[in-house]
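Engineer: As you go down the protein sequences, you meet chains F and Z in turn. The first sequence stops at residue 247 when you use UniProt numbering, and every number in between is there. The second sequence stops at residue 247 when you use UniProt numbering, and every number in between is there. Glycine is no exception: its CB is placed at the ideal position from the N, C-alpha and C atoms. Please read all numbers here as calculations on a predicted model, not as lab measurements. I'd like to ask some things about the structure below.
There are 2 protein chains.
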Amino acid sequence: MTLTRTATEARLPVLEVFGPTIQGEGMMIGQKTMFVRTAGCDYRCAWCDSKFTWDGSERHLVRHLTPAEVLAEVCALGQDRFQHVTVSGGNPALIGEPMAEFIRLCHERELRVGLETQGSRWQDWFTEIDDLSISPKGPSSGMETDWDVLDDLVARLTSHGVHFSLKVVVFNAADLAFARAVFARYPHAEKYLQPGNEDVAAAGDISRRLLDKLAWLFEQVIADKAFNDVRVLPQLHALVWGNKRRK
Amino acid sequence: MTLTRTATEARLPVLEVFGPTIQGEGMMIGQKTMFVRTAGCDYRCAWCDSKFTWDGSERHLVRHLTPAEVLAEVCALGQDRFQHVTVSGGNPALIGEPMAEFIRLCHERELRVGLETQGSRWQDWFTEIDDLSISPKGPSSGMETDWDVLDDLVARLTSHGVHFSLKVVVFNAADLAFARAVFARYPHAEKYLQPGNEDVAAAGDISRRLLDKLAWLFEQVIADKAFNDVRVLPQLHALVWGNKRRK
């Protein structure tokens, strides 16, 4: 029993590996990258665009792979057409040592590693991530931020000189107020705002609606001195490819 | 005569000051910023989206302002709703000491300064720019790059530790080949590709056409190992606001 558990914990719960594609959002927007999506999340955001990572609907597709197996799959798919890997979830910060090992292996191959998490939990390997996006969730998500955890996390990232940013997804005025609070609390962080995708299940071209939402967010930011040092960015993949999976 | 010339040269030829708005492209994409657009260019790009800066059509609108006057206008318009200024053209690198002075004044006010130029000419004040976008023009522009000048410019920026990037606008396969040559020549630079805007005079919503062009460029980049460390970004302002001026 103990042996089985140990073996399981030395692996990453991987839901999908895909790419090369273009990073659609946040601090590495536009960067050509491979994606590794891990399963499992401590949040249940109302508007999550990857509910299949935590709602049980794709539990049968989760594979428990060693770090070397994950990297082998990334390399087999990406061949010589990538040098950046993005780890997404779910919340990849639920994973401990196997993720640290995966990052080490990526760096041995001279791959740059980006990762996004909501900031609900610290992992020591955060200090090894090249581009770390911390994305606290506003009121529209239905989640509550544990400010003590986030304070500690941001303080540690800062003291270690990690290249990180704070990104808030905005659906409404309450989310904007939340973003103001986050950015005022951590004034020296890189700051990003992103318009929310209202309907993550719609098929086909959703670009005009997303661009209207972006225009609205531009106007909010332009008018408000609290957002002077903020960058506002859309989800490029959703503009170009709609809600298509593995893009 | 000499005195008049000196007086003229202590001023910047300014075509427009506008903002706050959102930086639509390149290394500072999404950043809230004020814009200062200078008149005059040593290039005549076939697809230039700001021909009015050099084709004589708005010569009567050019104002020769002192650096302090330009900053006063920026501050009057932006009030407390900005802390970033973007200098655009035309080619602002045609301007010498008055630009250096303008940058100094911005920094005194704790404003961050971004600037874009094609890299056809060096200015000592390049080393003072916080975010410098060098955008050599590909074959579709009808312009020729002076590689000796660009080599020297990139070497100086590198030795001074300036935060700069190389950005190539892509209309076709010949431009992609040009981008490959530029990026291979300066492997350590931050690299950006941007899809060209085929019709800079069209009125109304041009977003679908621009997104199709972006999708095409994504596919080119994904398929080509020469672009592994490149970021591909659209012009957000054109997606959101079309070809509208002063946005």
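Quick one: what does DSSP say Ile134 of chain F is sitting in, helix, strand or coil?
Structural biologist: One-based indexing of the first sequence puts residue 134 of chain F at position 134. In this structure, Ile134 of chain F counts as strand in the three-state DSSP scheme.
Engineer: Any beta-carbon of chain Z closer than 8 angstroms to the one on Lys225 of chain F?
Structural biologist: Within the first sequence, the letter at position 225 stands for residue 225 of chain F. Taking Cβ atoms only, chain Z reaches closer than 8 angstroms to Lys225 of chain F, which makes this a yes.
Engineer: CB-CB under 7 angstroms to Pro139 of chain Z, same chain, minus the five flanking residues each way: which ones, in chain order?
Structural biologist: Locating residue 139 of chain Z in the second sequence gives position 139, counting from the first residue. Ala174, Asp175 and Phe178.
Engineer: To be precise: take each residue of the stretch 81 to 97 of chain F, compare its Cβ to all Cβ atoms of chain Z, and keep it if any distance is under 8 angstroms. Which residues remain?
Structural biologist: Flagged, chain order: Arg81, Phe82, Gln83 and His84.
Engineer: Closer than 7 angstroms by C-beta to Pro13 of chain F: which residues in its own chain qualify, once you throw out the five before and the five after it? Chain order, please.
Structural biologist: As a position in the first sequence, residue 13 of chain F is number 13, starting the count at 1. Answer for Pro13 of chain F: Thr38, Ala39, Gly40, Val62 and His64, listed in chain order.
Engineer: So, for Thr145 of chain Z: in the same chain, excluding its five sequence neighbours on each side, which residues have a beta-carbon less than 6 angstroms away from its beta-carbon?
Structural biologist: Here residue 145 of chain Z refers to the residue found at position 145 of the second sequence. Only Pro136 meet the Cβ criterion.
Engineer: Kindly indicate which three-state DSSP category Gly96 of chain F falls into: helix, strand or coil?
Structural biologist: Within the first sequence, residue 96 of chain F is the residue found at index 96, counting from 1. Of the three classes helix, strand and coil, the one that applies to Gly96 of chain F here is coil, per DSSP.
Engineer: What are the start and end residues of the beta strand (DSSP E) that includes Pro234 of chain F?
Structural biologist: Taking the first residue of the first sequence as position 1, residue 234 of chain F is located at position 234. Counting along the chain, Pro234 of chain F falls outside any beta strand (DSSP E), and DSSP gives it neither H nor E.
Engineer: Using DSSP bridges, identify the partner residues of Thr21 of chain Z.
Structural biologist: Looking up residue 21 of chain Z in the second sequence gives position 21. Its beta-bridge partners are Z:Thr33.
Engineer: What does Asp229 of chain F touch in chain Z if you count any residue whose Cβ is under 7 angstroms from its own?
Structural biologist: Along the first sequence, read from residue 1 onward, the residue named residue 229 of chain F stands at position 229. Per Cβ cutoff of 7 angstroms: Gln83.
Engineer: Along the chain, where does the beta strand (DSSP E) containing Val169 of chain Z start, and where does it finish?
Structural biologist: To locate residue 169 of chain Z, count along the second sequence from 1; it is residue 169. Where Val169 of chain Z is concerned, the enclosing beta strand (DSSP E) stretches over Phe164 to Val170.
Engineer: Using only CA atoms, which one of F:Ile222, F:Val232 and F:Arg245 lies nearest to Phe82 of chain Z?
Structural biologist: The count along the second sequence starts at 1 and reaches residue 82 of chain Z at position 82. It is F:Ile222.
Engineer: May I have the straight-line CA-CA distance separating Thr2 of chain F from Arg11 of chain F, to the nearest angstrom?
Structural biologist: Reading the first sequence from its first residue, position 2 is the one you call residue 2 of chain F. Reading the first sequence from its first residue, position 11 is the one you call residue 11 of chain F. Only weak support exists for where Thr2 of chain F lies, its pLDDT of 44 falling under 50; the value from the coordinates is given anyway. One C-alpha to the other measures close to 15 angstroms.
Engineer: Keeping to the same chain, check which residues put their C-beta closer than 7 angstroms to that of Ile95 of chain F; ignore five residues upstream and five downstream.
Structural biologist: Numbered from 1 along the first sequence, position 95 holds the residue referred to as residue 95 of chain F. For Ile95 of chain F, where only same-chain residues beyond five positions count, the Cβ hits under 7 angstroms are Leu12 and Thr38.
Engineer: Between Ser165 of chain Z and Lys191 of chain Z, which are expected to be in contact by the criterion C-beta below 8 angstroms, what is the C-beta distance as a whole number of angstroms?
Structural biologist: Mapped onto the second sequence, residue 165 of chain Z falls at position 165. Mapped onto the second sequence, residue 191 of chain Z falls at position 191. With a Cβ gap of about 7 angstroms, Ser165 of chain Z and Lys191 of chain Z count as contacting.
Engineer: Going by beta carbon distance, what residues of the same chain come within less than 8 angstroms of His188 of chain Z, once the five residues before and after it are set aside?
Structural biologist: Translated into the one-based positions of the second sequence, residue 188 of chain Z becomes position 188. Thr158, listed in sequence order.
Engineer: Taking 6 angstroms as the limit between beta carbons, can you name the residues of its chain near Arg245 of chain Z, skipping five residues before and five after?
Structural biologist: Numbered from its first residue, the second sequence carries residue 245 of chain Z at position 245. Same-chain partners within the cutoff: there are none.
Engineer: Should Thr117 of chain Z and Ala155 of chain Z be called a contact, given that it needs their Cβ atoms to be closer than 8 angstroms?
Structural biologist: Position 117 of the second sequence, counted from the first residue, corresponds to residue 117 of chain Z. Position 155 of the second sequence, counted from the first residue, corresponds to residue 155 of chain Z. Result no, Cβ atoms of Thr117 of chain Z and Ala155 of chain Z do not sit closer than 8 angstroms.
Engineer: What in chain Z is Cβ-close to Phe218 of chain F, meaning under 7 angstroms?
Structural biologist: Looking up residue 218 of chain F in the first sequence gives position 218. In chain order: Ile22 and Val240.
Engineer: Can you find at least 3 beta carbon pairs, one from the stretch 211 to 229 of chain Z and one from the stretch 213 to 228 of chain F, that sit closer than 8 angstroms?
Structural biologist: Taking 8 angstroms as the limit for Cβ pairs, the verdict is that the stretch 213 to 228 of chain F does not touch the stretch 211 to 229 of chain Z.
Engineer: Quick check on this structure: which residue in Z:Pro67, Z:Trp122, Z:Met34 and Z:Thr86 has the alpha carbon closest to the alpha carbon of Asp148 of chain Z?
Structural biologist: For the purposes of this step, residue 148 of chain Z is taken as residue 148 along the second sequence, with counting starting at 1. Residue Z:Trp122 is the option with its Cα nearest to Asp148 of chain Z.
Engineer: Is Asp224 of chain F near the ligand HEM, going by C-beta to nearest heavy atom under 7 angstroms?
Structural biologist: Here there are no bound small molecules, and the ligand HEM is not part of this structure.
Engineer: Kindly indicate if chain Z contains any beta-carbon less than 8 angstroms away from that of Thr4 of chain F.
Structural biologist: Locating residue 4 of chain F in the first sequence gives position 4, where the first residue counts as 1. For Thr4 of chain F, the predicted structure reports a pLDDT of 48, less than 50, and the residue's modelled location is therefore unreliable. A value from the coordinates is still provided. No, Thr4 of chain F does not count as interfacial toward chain Z.
Engineer: Short of 6 angstroms in beta carbon distance, which residues of its chain neighbour Met99 of chain F, apart from the five on each side in sequence? Order them along the chain.
Structural biologist: Position 99 of the first sequence, counting from 1, holds the residue named residue 99 of chain F. Excluding sequence neighbours, Met99 of chain F sits near Trp125.
Engineer: Would Ile222 of chain F count as contacting chain Z if we go by Cβ distances under 8 angstroms?
Structural biologist: Here residue 222 of chain F refers to the residue found at position 222 of the first sequence. So, interface residue.
Engineer: For Ser88 of chain Z, which residues of its own chain have a beta-carbon under 8 angstroms away from its beta-carbon, when the five flanking residues on both sides are left out?
Structural biologist: Indexing the second sequence from 1 puts residue 88 of chain Z at position 88. Same-chain partners within the cutoff: Phe35, Val36, Arg37, Thr38, Ser50, Leu115 and Glu116.
Engineer: Check whether the stretch 26 to 35 of chain F touches the stretch 43 to 60 of chain F, counting contact only when three or more Cβ pairs, one atom from each stretch, lie closer than 8 angstroms.
Structural biologist: Taking 8 angstroms as the limit for Cβ pairs, the verdict is that the stretch 43 to 60 of chain F does not touch the stretch 26 to 35 of chain F.
Engineer: Are there 16 or more other CB atoms within 10 angstroms of the CB of His163 of chain F, so buried, or fewer, so exposed?
Structural biologist: Within the first sequence, numbered from 1, the residue matching residue 163 of chain F stands at position 163. So His163 of chain F counts as exposed.
Engineer: Mapping the DSSP letters down to three states, classify Pro13 of chain F as helix, strand or coil.
Structural biologist: The count along the first sequence starts at 1 and reaches residue 13 of chain F at position 13. Three-state DSSP puts Pro13 of chain F in a strand.
Engineer: Tell me which residues share the same chain as Glu73 of chain Z and place their Cβ nearer than 7 angstroms to its Cβ, disregarding the 5 neighbours each side in the sequence.
Structural biologist: Taking the second sequence and counting its residues from 1, one reaches residue 73 of chain Z at position 73. These residues qualify, in order along the chain: Val17.
Engineer: Under 9 angstroms between beta-carbons, which chain F residues line up against Ile29 of chain Z? List them in chain order, please.
Structural biologist: Sequence index remark: in the second sequence, residue 29 of chain Z carries index 29 (1-based). Ile29, Gly30, Arg231 and Leu233, listed in chain order.
Engineer: Helix, strand or coil, according to DSSP, for Lys244 of chain F in the structure here?
Structural biologist: Position 244 of the first sequence, counting from 1, holds the residue named residue 244 of chain F. Note: Lys244 of chain F maps to coil in three-state DSSP.
Engineer: Shorter than 8 angstroms from the beta carbon of Ser133 of chain Z to some beta carbon of chain F?
Structural biologist: Position 133 of the second sequence, counting from 1, holds the residue named residue 133 of chain Z. No, because no Cβ of chain F sits closer than 8 angstroms to the Cβ of Ser133 of chain Z.
Engineer: Since Asp42 of chain Z and Asn91 of chain Z should fall inside the 8 angstroms C-beta cutoff, what is the C-beta to C-beta distance between them, to a whole number of angstroms?
Structural biologist: As a working note, residue 42 of chain Z is residue 42 in the second sequence. As a working note, residue 91 of chain Z is residue 91 in the second sequence. Contact flag correct, Cβ pair sits at about 6 angstroms.
Engineer: Look up Glu190 of chain Z in the DSSP assignment and give the residues it is bridged to.
Structural biologist: Stepping through the second sequence from its first residue, residue 190 of chain Z is reached at position 190. Looking at the DSSP assignment, Glu190 of chain Z forms a beta bridge with Z:Ser165.
Engineer: For chain Z, check one thing: does any of its Cβ atoms lie closer than 8 angstroms to the Cβ of Arg211 of chain F?
Structural biologist: Residue 211 of chain F sits at position 211 when you count from the first residue of the first sequence. Note on residue identity: the sequence assigns Leu, not Arg, to residue 211 of chain F. So, interface residue.
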